[in-house]
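Each residue of the sequence shown is one higher than the one before, counting from 7 in our numbering.
Note that the Cβ used here is the ideal one computed from N, Cα and C, for glycine as well.
Data block below; observations after.
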Amino acid sequence: MEPRRLSDWLDYVSQLHSQVIEMGLDRVNDVFRRLCRNARLAKTVVTIAGTNGKGSTLAAVEALALAAGKTVGAYTSPHILRFNERVRINGVDVSDEALEAAFAAVESARGQTALTYFEFTTLVGFYLFQQARLDLVLLEVGLGGRLDAVNIVDPDLAVITSVDLDHQEWLGESREDIGREKAGILRPGIPLIIAEEAPPTSVVDVAGKLGCATFIWRQDFTLERTGDASQALQWRGRRKHADIVVDGLSDNGLPMANMAAAMQVAMLLDFPLSESQVAAVIAGVKVPGRFQLLRRDPEVYADVGHNPHAARYLKQWLGGLPVKKPQIAVFSALKDKDVAGIVKELAGVFDRWIVFPLNVDRAMPLAQLAELVERNQSAPLQTCASLSECLAQATSEAGSDGRIVAFGSFFTVAEIFQNGMMGTDEGDGG
7 MEPRRLSDWL DYVSQLHSQV IEMGLDRVND VFRRLCRNAR LAKTVVTIAG
57 TNGKGSTLAA VEALALAAGK TVGAYTSPHI LRFNERVRIN GVDVSDEALE
107 AAFAAVESAR GQTALTYFEF TTLVGFYLFQ QARLDLVLLE VGLGGRLDAV
157 NIVDPDLAVI TSVDLDHQEW LGESREDIGR EKAGILRPGI PLIIAEEAPP
207 TSVVDVAGKL GCATFIWRQD FTLERTGDAS QALQWRGRRK HADIVVDGLS
257 DNGLPMANMA AAMQVAMLLD FPLSESQVAA VIAGVKVPGR FQLLRRDPEV
307 YADVGHNPHA ARYLKQWLGG LPVKKPQIAV FSALKDKDVA GIVKELAGVF
357 DRWIVFPLNV DRAMPLAQLA ELVERNQSAP LQTCASLSEC LAQATSEAGS
407 DGRIVAFGSF FTVAEIFQNG MMGTDEGDGG
């Protein structure tokens, strides 16, 4: 019997495909053609790839587009609390009912074709976007780029936010290999925006061979402090064939390279926005679970960062905050993550680490996690059986003057939100 409720569909799709499945995009592309009959997803499609920063870049482009009066679809992953977070139309998560109808449509179009969970759910989003007849669709790549399910759709503009080591078993062991996979989202002649100062040669080479106009952070667009007493930021970049400057911007706590890249997207797509509108939109961009302030006494932040590149930025970001002592890490990770690399990046940042095992099948065992943390930094280490125990211990030790940072996985942030830990109604943070 075909599932009816969204929860049933998600269970069904999780168990659907066999363990051995042919790689490549042919299967999902065949189903897509049957589902959407080769019609375009929207007037304009932007695909966003990158090791980190995809979600914040997409959120900023989405906010700018909505402010410009565009109708917008956004596809992101993974979700934190509800599957509905993955598919937004005009800034609103789609309803259970809309998703249930879309799952049924994909199942009908699928026939006997095997699909992975991500392929099936990506097609669900695509079906809903096509039905909505949107001006703009923003697609966040799940993994890599070249063989990711979102890459069955040809974008009109591409963004690569960053290229660093993560998922090496799928994407390759070097930045050049990983960059080549991410450059697989490019198409001949489309613009490429790179939110990284020194992208791998592989990305630039692919863009050159395809004739893609390339815009690189700090070379072709910037976002920097003006140096006056206001502490305001100034963006410089390109609009059509002219240089353009936007003044009066503020730091919203999210990576400046990603905010600057989002503004460059808006300029290339010629969004009709004034300087003051752009400034107001960027100031208000928030992304759940990214450097998110949960409470103030003591300060508690949650961050989904889960690789060394994200840890490097977390260190930089914490360095920009007022000093709080003690500063305590509450940390866990999945077993396939580079825990040693993450911890090395943050050595010297925290006065104490408290670690716990995630409550999922892919969790790194507590003993292994503790060993890696102890080996790669010198601050005192404690272990706890659960996240709630960790947070209680950290809160006791932090007192009113300390700071707690819970990070390492989407699952950590999800558990905090799901159980209402730390009074997560603060609403601050990106």
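Beta-carbon gap between residue i and residue j smaller than 7 Å
{"i": "L142", "j": "K76", "result": "yes"}
{"i": "P197", "j": "A213", "result": "no"}
{"i": "A201", "j": "N264", "result": "yes"}
{"i": "G56", "j": "I222", "result": "no"}
{"i": "V112", "j": "V98", "result": "no"}
{"i": "N58", "j": "A316", "result": "yes"}
{"i": "Y133", "j": "V19", "result": "no"}
{"i": "L70", "j": "A272", "result": "yes"}
{"i": "E305", "j": "R409", "result": "yes"}
{"i": "F362", "j": "L324", "result": "no"}
{"i": "A335", "j": "S415", "result": "no"}
{"i": "Q270", "j": "I199", "result": "yes"}
{"i": "D160", "j": "R193", "result": "yes"}
{"i": "P386", "j": "R358", "result": "yes"}
Limits of the unbroken beta strand (DSSP E) element including residue i
{"i": "E230", "result": "228 to 231"}
{"i": "K49", "result": "48 to 55"}
{"i": "A69", "result": "Segment 60 to 73 is the alpha helix (DSSP H) holding A69; no beta strand (DSSP E) there."}
{"i": "E380", "result": "Not the beta strand (DSSP E): E380 falls in the alpha helix (DSSP H), residues 372 to 382."}
{"i": "Q388", "result": "387 to 389"}
{"i": "L198", "result": "198 to 200"}
{"i": "E305", "result": "305 to 309"}
{"i": "I348", "result": "Run containing I348: none in the beta strand (DSSP E); it sits in the alpha helix (DSSP H), 345 to 351."}
{"i": "L140", "result": "140 to 146"}
{"i": "Q270", "result": "Segment 262 to 274 is the alpha helix (DSSP H) holding Q270; no beta strand (DSSP E) there."}
{"i": "Q240", "result": "239 to 245"}
{"i": "G254", "result": "248 to 255"}
Proximity to residue i [Cα-Cα], best of the options
{"i": "T418", "options": "N58, D36, L87, L47", "result": "L87"}
{"i": "I360", "options": "D367, A373, L352, C390", "result": "C390"}
{"i": "M262", "options": "D276, Q322, D303, L393", "result": "Q322"}
{"i": "R318", "options": "D170, S83, R92, A286", "result": "D170"}
{"i": "L364", "options": "K341, R39, N425", "result": "K341"}
{"i": "L239", "options": "A289, S168, R245", "result": "A289"}
{"i": "L31", "options": "T128, V349, A400, R302", "result": "T128"}
{"i": "S384", "options": "A48, K350, A412, L372", "result": "K350"}
{"i": "L300", "options": "I184, S256, V411", "result": "V411"}
{"i": "R181", "options": "I334, S208, F416", "result": "S208"}
{"i": "K246", "options": "T228, D183, L274, M269", "result": "L274"}
{"i": "R139", "options": "A115, V51, L255", "result": "V51"}
{"i": "L397", "options": "L372, G426, R193, K60", "result": "G426"}
{"i": "L255", "options": "Q374, G233, P206, F413", "result": "G233"}
The alpha helix (DSSP H) enclosing residue i, as first and last residue numbers
{"i": "E281", "result": "281 to 289"}
{"i": "F423", "result": "416 to 424"}
{"i": "F356", "result": "Looking at the DSSP string, F356 is not in any alpha helix (DSSP H), and its letter there is neither H nor E."}
{"i": "G185", "result": "181 to 188"}
{"i": "R301", "result": "Looking at the DSSP string, R301 is not in any alpha helix (DSSP H); the run it does join, the beta strand (DSSP E), is 298 to 302."}
{"i": "F109", "result": "102 to 116"}
Other residues of its chain near residue i: CB distance less than 7 Å, five sequence neighbours each side excluded
{"i": "R5", "result": "Examination of residue 5 is not possible in this model, given that the chain is present from 7 through 436 alone."}
{"i": "Q424", "result": "L87"}
Cβ-based neighbour list, residue i, same chain, cut-off 6 Å, excluding 5 preceding and 5 following
{"i": "W15", "result": "P9, F109"}
{"i": "A74", "result": "F277, P278, L279"}
{"i": "E145", "result": "Before going on, a small fix: residue 145 reads as Leu here, not Glu. Taken in chain order, the residues that qualify are T53, Y81, V156."}
{"i": "E421", "result": "L393"}
{"i": "G433", "result": "Note that G433 scores 42 on pLDDT, short of 50, meaning its location in the model is unreliable and no value can be drawn from it."}
Beta-carbon contacts of residue i that lie in its chain and below 8 Å, excluding the five residues immediately before and after
{"i": "G436", "result": "Here the model assigns G436 a pLDDT of 39, short of 50, so the residue's position is not dependable and the matter cannot be decided."}
{"i": "R11", "result": "D102, E106"}
{"i": "D36", "result": "T119"}
{"i": "E68", "result": "V78, A80, R94, G97, L144"}
Beta carbon proximity, residue i to chain D, threshold 7 Å
{"i": "P386", "result": "No chain D is present in this structure, which holds just one protein chain."}
Residue i: CB within 6 Å of a non-hydrogen atom of the ligand GDP
{"i": "G79", "result": "Here there are no bound small molecules, and the ligand GDP is not part of this structure."}
Checklist entry - Does the pairing of the segment 131 to 150 with the segment 180 to 198 give three or more beta-carbon distances under 8 Å? => result With contact defined as three or more Cβ pairs closer than 8 Å, the segment 131 to 150 and the segment 180 to 198 are in contact.
Checklist entry - Are three or more beta carbon pairs between the segment 404 to 422 and the segment 330 to 341 nearer than 8 Å? => result At 8 Å Cβ cutoff, the stretches touch.
Checklist entry - Between the segment 369 to 379 and the segment 343 to 351, are three or more C-beta pairs nearer than 8 Å? => result Below 8 Å, enough C-beta pairs join the segment 369 to 379 and the segment 343 to 351 to call them touching: three or more.
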